[in-house]
Amino acid sequence: MSLSQRTVAERISLTGVGLHSGQPVTLSLVPAAPGSGVVFVRTDLPGKPEIPARPEFVVDTSLATSVGRGNARVGTVEHLMAALVGMGIDNVRVEVDGPEIPIMDGSSAPFCFLIRSVGTVSQSKPKRFLIIKRPVEVRDGDKHARLVPAPRFSVSCTIDFRHPLITDQAFRMDFSDRTFDREIARARTFGFLRDVEKLKSMGLARGGSLDNAIVVDDFSILNPDGLRFPDEFVRHKILDAVGDLALLGMPVVGHLFAHKSGHALNQKLVAAVLSDPESHAVVSAGRDLERWRLQVPAFGAAAEVA
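Each residue of the sequence shown is one higher than the one before, starting from 22 at the first, in the numbering used here.
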């Protein structure tokens, strides 16, 4: 990973459909200045309102992670946010002419491809990292999400939907740009046929199809081409978690344990970290980062076993 902040090399665009509206949406990634972070811009609204990709602007986590400011809103940001993390992007303006990020194929891969097509550039400021200093955990019944100290960013995730095809799946990712691209980015969102039908009856998921989601009935996968990975479901949950934690505004150095977690619990964890100043430190790339990494291997390993 580069120790300098990065942005896209030039403006690049794609067009897809919104998952819920079913309407065409054009998205453009635009180079941004060092230290500016990720900012969503609703180009279709008067004044082109801007929404920083920060936890305080999260307005909904029921079906996806959505951010908003005033009357402006952008939904389903997590797949793009995960791609930005995976490609090492710190600063970018995300211009959209609708209320949703286009769903594309339901994964982060199209956004990674978009960024690779123009490349990235190093900037004058060093990256900033959020170091987890002590464990932070949130729970909701039998679901939980926990960040513990570790020398690098990694994710361990388990899911159990009590379904013949989605039971007791587990996966661990030690993060690097290559690992994310190879093992996580292509994992697609998924849903149950009964839930898709219910959402469409409510006027939602109008853009959902077998082209942008895995759909499962009571016994089988309905997609003609099947799965991209045998455990694609849990890999997508890791993708979602990476995208949700990206709203912390900088790369995380710590290990995330997620059990049956979703967008709401992921954002609850983000809020818990930020509300406890003793749980974390923000450092710039260089000596400070390496000093923290040298301090935590034993602690991180012990926390993992606990």
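Where a beta carbon is used, it is the ideal one built from N, C-alpha and C, also for glycine.
CA-to-CA, the gap between ASN92 and GLY68 works out to about 12 Å. Distance between GLY96 and CYS178, taken at the CA atoms: about 24 Å.
Here VAL176 is buried. Its C-beta has 16 or more other C-beta atoms within 10 Å. When rounded, the separation of the alpha-carbon atoms in VAL169 and VAL79 is 23 Å.
Per the Cβ contact rule, the region 222-229 is not in contact with the region 26-33 (fewer than 3 Cβ pairs under 8 Å).
Nearest neighbour of VAL51 by Cα position, chosen from HIS301, VAL113, PRO76, SER57, turns out to be VAL113. According to DSSP, LEU277 shares a beta bridge with LEU168, VAL176. Contact between the region 225-235 and the region 37-46 is established, with three or more Cβ pairs separated by less than 8 Å. Taken through DSSP and simplified to helix, strand or coil, ALA30 comes out as coil. Taken in chain order, the complete beta strand (DSSP E) segments of 3 residues or longer contained in the region 139-165 are 141-147, 149-153, 157-161.
Going by DSSP, LEU50 is part of no alpha helix (DSSP H) but of the beta strand (DSSP E) stretching over 45-52. The region 150-164 and the region 123-133 do not touch, with fewer than three beta-carbon pairs separated by less than 8 Å. With a cutoff of 8 Å on beta-carbon distance, GLY58 and PRO73 are scored as near each other. Here the region 135-146 makes no contact with the region 241-257; the two share fewer than three CB pairs at distances below 8 Å. Residue environment for ALA53: buried (at least 16 other C-beta atoms within 10 angstroms of its C-beta).
Under the three-state reduction of DSSP, SER305 is assigned to strand.
Counting along the chain, the unbroken alpha helix (DSSP H) around ARG256 starts and ends at 253-266.
Each residue's CA atom was taken as its position, placing GLU71 and PHE240 some 44 Å apart.
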